[in-house]
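Number of protein chains: 2
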Amino acid sequence: MTFPVVGMVGGGQLARMTHEAGIPLGITFKLLSDTPQDSAALVAHEVVVGDYHDLGTLRDFARGCDVITFDHEHVPTEHLRALEAEGIPVRPGPAALVYAQDKGLMRARLSELGVPCPRHRLVADPADVTRFAEEGEGYPVVLKTTRGGYDGKGVWVVGTEKEAAEPFRAGVRVLAEEKVDYVRELAANVVRSPHGQAVAYPVVESQQVDGVCDTVIAPAPGLDEELSGIAQEMALRIANELGVIGHLAVELFETRDGRVLVNELAMRPHNSGHWTQDGAATSQFANHLRAVLDLPLGDPRPRQPWTVMVNVLGGDFPDMYSAYLHCMARDPGLKIHMYAKGVKPGRKVGHVNTYGEDLPEVLERARHAAGYLRGTITE
Amino acid sequence: MTFPVVGMVGGGQLARMTHEAGIPLGITFKLLSDTPQDSAALVAHEVVVGDYHDLGTLRDFARGCDVITFDHEHVPTEHLRALEAEGIPVRPGPAALVYAQDKGLMRARLSELGVPCPRHRLVADPADVTRFAEEGEGYPVVLKTTRGGYDGKGVWVVGTEKEAAEPFRAGVRVLAEEKVDYVRELAANVVRSPHGQAVAYPVVESQQVDGVCDTVIAPAPGLDEELSGIAQEMALRIANELGVIGHLAVELFETRDGRVLVNELAMRPHNSGHWTQDGAATSQFANHLRAVLDLPLGDPRPRQPWTVMVNVLGGDFPDMYSAYLHCMARDPGLKIHMYAKGVKPGRKVGHVNTYGEDLPEVLERARHAAGYLRGTITE
Numbered sequence: 001m002t003f004p005v006v007g008m009v010g011g012g013q014l015a016r017m018t019h020e021a022g023i024p025l026g027i028t029f030k031l032l033s034d035t036p037q038d039s040a041a042l043v044a045h046e047v048v049v050g051d052y053h054d055l056g057t058l059r060d061f062a063r064g065c066d067v068i069t070f071d072h073e074h075v076p077t078e079h080l081r082a083l084e085a086e087g088i089p090v091r092p093g094p095a096a097l098v099y100a101q102d103k104g105l106m107r108a109r110l111s112e113l114g115v116p117c118p119r120h121r122l123v124a125d126p127a128d129v130t131r132f133a134e135e136g137e138g139y140p141v142v143l144k145t146t147r148g149g150y151d152g153k154g155v156w157v158v159g160t161e162k163e164a165a166e167p168f169r170a171g172v173r174v175l176a177e178e179k180v181d182y183v184r185e186l187a188a189n190v191v192r193s194p195h196g197q198a199v200a201y202p203v204v205e206s207q208q209v210d211g212v213c214d215t216v217i218a219p220a221p222g223l224d225e226e227l228s229g230i231a232q233e234m235a236l237r238i239a240n241e242l243g244v245i246g247h248l249a250v251e252l253f254e255t256r257d258g259r260v261l262v263n264e265l266a267m268r269p270h271n272s273g274h275w276t277q278d279g280a281a282t283s284q285f286a287n288h289l290r291a292v293l294d295l296p297l298g299d300p301r302p303r304q305p306w307t308v309m310v311n312v313l314g315g316d317f318p319d320m321y322s323a324y325l326h327c328m329a330r331d332p333g334l335k336i337h338m339y340a341k342g343v344k345p346g347r348k349v350g351h352v353n354t355y356g357e358d359l360p361e362v363l364e365r366a367r368h369a370a371g372y373l374r375g376t377i378t379e
Numbered sequence: 380m381t382f383p384v385v386g387m388v389g390g391g392q393l394a395r396m397t398h399e400a401g402i403p404l405g406i407t408f409k410l411l412s413d414t415p416q417d418s419a420a421l422v423a424h425e426v427v428v429g430d431y432h433d434l435g436t437l438r439d440f441a442r443g444c445d446v447i448t449f450d451h452e453h454v455p456t457e458h459l460r461a462l463e464a465e466g467i468p469v470r471p472g473p474a475a476l477v478y479a480q481d482k483g484l485m486r487a488r489l490s491e492l493g494v495p496c497p498r499h500r501l502v503a504d505p506a507d508v509t510r511f512a513e514e515g516e517g518y519p520v521v522l523k524t525t526r527g528g529y530d531g532k533g534v535w536v537v538g539t540e541k542e543a544a545e546p547f548r549a550g551v552r553v554l555a556e557e558k559v560d561y562v563r564e565l566a567a568n569v570v571r572s573p574h575g576q577a578v579a580y581p582v583v584e585s586q587q588v589d590g591v592c593d594t595v596i597a598p599a600p601g602l603d604e605e606l607s608g609i610a611q612e613m614a615l616r617i618a619n620e621l622g623v624i625g626h627l628a629v630e631l632f633e634t635r636d637g638r639v640l641v642n643e644l645a646m647r648p649h650n651s652g653h654w655t656q657d658g659a660a661t662s663q664f665a666n667h668l669r670a671v672l673d674l675p676l677g678d679p680r681p682r683q684p685w686t687v688m689v690n691v692l693g694g695d696f697p698d699m700y701s702a703y704l705h706c707m708a709r710d711p712g713l714k715i716h717m718y719a720k721g722v723k724p725g726r727k728v729g730h731v732n733t734y735g736e737d738l739p740e741v742l743e744r745a746r747h748a749a750g751y752l753r754g755t756i757t758e
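Top line first, the protein sequences correspond to chains A and B. If you're matching positions, the first sequence starts at 1 in our numbering and goes up one per residue. If you're matching positions, the second sequence starts at 380 in our numbering and goes up one per residue.
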């Protein structure tokens, strides 16, 4: 059998859903998971339990694979260079990944490319933060550790020089950014393959709660067509210039005066693309696999006018399965995607997708289901 | 975690695709597979390799599960009764399954219910076959072993008493049926849950080649609306009267004079329902799982005007992966479903689904892709 072996580092829900998408392709999916109970490890067949920080573990894992890809962006750059040096395809490669791993480098590169970003610079200490604030509109400003942040972690909105002390305690370089007066957040997601083919998904609206993605609406309602095109072209250009292979999520701010600024980059399947599992002709997971395998990419177009995704976060009710009765009976069209993760408050344990022609109805269905699964809605 | 454990007996592609559908539900899928290389065993996490003919093996497997279901219908009835006696839910149960396993019993029961069938009776020997023929329109007649047939095996069309000798060599009771002058074959598939809820999928046209399913068109083109309703009600009634839980495929003949007659029953996900993976709001696999778990059933409605499935059978070219480049490039909307089975001539190794608004185009896309994957089309 000549079907390739795709190795994914990281056993979270992104890997779980990538394995799901790989099954119909007939490929072999191999997983390097932190523990045997990780979301993806519970459903995949070829599972290696090990620490990706250990180069020996990573190397042994990669040697059995035709290509290596990622459920997260924490694999040390030097390890990935070592794998590449052995001739193992790493996609996306370390040269691209570094821009998802280090926000300081990302900002510098995007600025070099003339890609619109919030006003920003690296800052040395709280006094420097105040100088940065005074270079613009003053406090509040946004401070981010250049490495290690996700789902709102490693990001602070500070209103005073005193508050600005905390980010520096992490011992990592700190990036200051203006607090953008945005009307909403968008995501322009694309997939790019090694030979340069790329597809762009519809630009979506992404609603955050406490720094964590909550609701995604596809496509972004009322988004100016020209601005949508600008956002998609920006994402395609970033993917091309940075040499990204696979899925690239470009999180954007839509400003009050009708422009888009890049907020963050992620070089893997992303929360803002989960809607594609039921709402697009080809899911982000399927297209990510095709891209890392250098296969022709699948149609990214939406299958119906509106698709909504709402995250299911852990609440106070650990028994989510019992909520299925209500949710499935109430909405036979609901698409539930649970991750088989232990329920902890605020933890991403699943998401629901709904689709249809009437946005208020599609939104209500998804919000109700997610709230009921979480336990915040009880009837 | 209170998510249930579903045990499926049989590791073929139906189990593989059921595991795929179970991943987003967060349930635990446990497999009893003949070998470690079976289609489903290659992608599932909880795999037990063992012989389902052995009651001890089956019992040990079932004890770890909340419900048992099937990828095939070969598990001996007495074993299933033993499991039920231990309080393990078996769905569908042996009382229903026997009508999928034994064609003679199936014909008798359907006749009892007044469900239209081809003229038929059990026959004792070739001379009896001739008497059966003479009771009607004469030869040719169809002979079937009452047990063990599938994909055209165990079915003969005989034109003379001499030819009628072969089926009796199997040592199983033989059923004779009139050779129906049908205009086409249809399938009316339904799913039924333990508390009696049921959904009916659109009636599809099923085209066979050499006794094996080749192409399925959903919905059946030009099918009279009233006849479609009759077929769906017939299938729902059969499911209800026979106590089927899970997916029931009712294969039908559409006669020249506009009636439907039941051909075969299958109580599991079925080839005639693979189109639902991409063409319906809820796939047959997802709904089969919901039914055996006694969860509310999902919307069975089609998502677009036409969906076509074409089987990919093994041809002379073992390297199907290399065909992906052409097929995916030619048709970015193509949905490929491969089973990771070794390629042998005529063996079901995958299928492709296409969907759209223009049936000739949708058909051409699916046929081209399946032919190219098989190696019968080379450009």
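For every residue, glycine included, the Cβ atom is placed at its ideal position computed from N, Cα and C. Keep in mind it's a predicted model, so treat the numbers as computed, not measured.
Report task. Return the bridge partner residues of Asn732 of chain B from the DSSP annotation. Result -> B:Met688 and B:Lys714
Report task. Could you pull the start and end residues of the alpha helix (DSSP H) that Leu476 of chain B belongs to? Result -> Pro473 to Gln480
Query raised in the report: When the cut-off is 9 angstroms and only beta carbons count, does Tyr201 of chain A lie next to chain B?
Result: no
Query raised in the report: Within the 9 angstroms Cβ cut-off, does Ser412 of chain B reach chain A?
Result: no
Query raised in the report: For a contact meaning CB atoms closer than 9 angstroms, what does Arg91 of chain A contact in chain B?
Result: Those do not exist, as Arg91 of chain A stays about 17 angstroms from chain B at its closest Cβ, beyond 9 angstroms.
Query raised in the report: Span of the alpha helix (DSSP H) holding Asp181 of chain A?
Result: First-last for Asp181 of chain A: undefined, no H or E at that position.
Report task. With a cut-off of 8 angstroms on the beta carbons, I'd call Ala235 of chain A and Val190 of chain A a contact; round off their distance for me. Result -> 5 angstroms
Query raised in the report: Three-state secondary structure (DSSP) at Cys444 of chain B?
Result: coil
**Report entry** Same chain only: Cβ atoms within 7 angstroms of Thr684 of chain B, ignoring 5 sequence neighbours per side
**Finding:** Rather than Thr, the amino acid found at residue 684 of chain B in this sequence is Pro. Excluding residues within five positions, the ones whose Cβ falls inside 7 angstroms are Glu736.
Query - Own chain, CB closer than 6 angstroms to Ile230 of chain A, minus 5 neighbours either side, in chain order - result: none
Requested in this report: Identify the contact partners of Val570 of chain B in chain A, using a Cβ-Cβ distance below 8 angstroms as the criterion.
Outcome: Within 8 angstroms Cβ-Cβ: nothing; Val570 of chain B doesn't reach chain A, min ~12 angstroms.
Query raised in the report: Which stretch, first to last residue, makes up the alpha helix (DSSP H) that contains Gly527 of chain B?
Result: Unbroken run through Gly527 of chain B: none, as it is neither H nor E.
Query raised in the report: Rounded to a whole number of angstroms, what is the C-alpha to C-alpha distance between Thr418 of chain A and Arg367 of chain A?
Result: As shown, chain A starts at 1 and ends at 379. That puts residue 418 of chain A outside it, with no answer to give.
**Report entry** 6 angstroms Cβ shell around Ala164 of chain A - same chain, five flanking residues per side excluded
**Finding:** Pro126, Val129 and Val158
**Report entry** Where Pro739 of chain B sits in the DSSP three-state scheme
**Finding:** helix
Query - Classification of Arg470 of chain B by the beta-carbon crowding that lies within 10 angstroms, buried from 16 upward - result: buried
Requested in this report: Kindly indicate if chain A contains any beta-carbon less than 9 angstroms away from that of Asp737 of chain B.
Outcome: no
Report task. Counting only the same chain and skipping the five closest in sequence on each side, list residues whose C-beta sits under 8 angstroms from that of Thr146 of chain A. Result -> Asp102, Lys103, Gly104, Leu105, Leu122, Val172, Arg173, Val174 and Leu175
Query raised in the report: Exposed or buried, what is Thr80 of chain A when buried is set at 16 or more other beta-carbons lying within 10 Å of its beta-carbon?
Result: Sequence inspection shows Leu at residue 80 of chain A; the Thr mentioned does not correspond to that position. Classification for Leu80 of chain A: buried.
Query raised in the report: Of all Cβ atoms in chain B, is any one closer than 9 angstroms to the Cβ of Phe3 of chain A?
Result: yes
Query - Close beta carbons around His274 of chain A, own chain, < 6 angstroms, minus the five adjacent residues each side - result: Met309 and His351
Query raised in the report: Does the distance from the CB of Tyr751 of chain B to the CB of Ala708 of chain B come in under 9 angstroms?
Result: no
**Report entry** DSSP beta-bridge partners of Glu143 of chain A
**Finding:** In the sequence under discussion, the amino acid at residue 143 of chain A is Leu, which differs from the Glu named in the question. Answer is A:Trp156 and A:Ala176.
Report task. Return the chain-ordered ranges of every beta strand (DSSP E) run that is complete within the segment 236–309 of chain A and spans a minimum of 3 residues. Result -> 246–255 and 260–266
Query raised in the report: Could you give the distance in angstroms between the alpha-carbon of Leu410 of chain B and the alpha-carbon of Ile467 of chain B?
Result: 16 angstroms
**Report entry** Endpoints, the beta strand (DSSP E) within which Arg121 of chain A is located
**Finding:** His120 to Val123
Query - Below-9 angstroms beta-carbon distance, Leu297 of chain A vs any chain B residue - result: yes
Requested in this report: With DSSP as the reference, label Phe547 of chain B as helix, strand or coil.
Outcome: helix
Query raised in the report: Taking C-beta to C-beta, are Phe285 of chain A and Ala21 of chain A nearer than 9 angstroms?
Result: yes
Report task. Can you grab the Cα-Cα spacing for the pair Met380 of chain B / Pro318 of chain A, in whole Å? Result -> Its pLDDT being 45, under 50, Met380 of chain B is placed unreliably in this model, and the value from its coordinates should be taken loosely. Each residue's Cα considered, the two are about 8 angstroms apart.
**Report entry** CB contact below 9 angstroms: Val308 of chain A versus chain B
**Finding:** no
Query raised in the report: Would you say Ser322 of chain A reaches chain B, if we count a Cβ-Cβ gap shorter than 9 angstroms as a contact?
Result: yes
Query - Residue span of the beta strand (DSSP E) that contains Ala340 of chain A, given as start and end - result: No beta strand (DSSP E) contains Ala340 of chain A, which DSSP labels as neither H nor E.
Query raised in the report: Counting pairs of beta carbons, one from the segment 188–205 of chain A and one from the segment 217–227 of chain A, are three or more of them closer than 8 angstroms?
Result: yes
Query raised in the report: Can you find a heavy atom of the ligand COA that lies under 8 angstroms from the Cβ of His458 of chain B?
Result: Among the components modelled here there is no ligand, and therefore nothing to report on the ligand COA.
Requested in this report: Identify the contact partners of Leu325 of chain A in chain B, using a Cβ-Cβ distance below 8 angstroms as the criterion.
Outcome: Leu674 and Pro675
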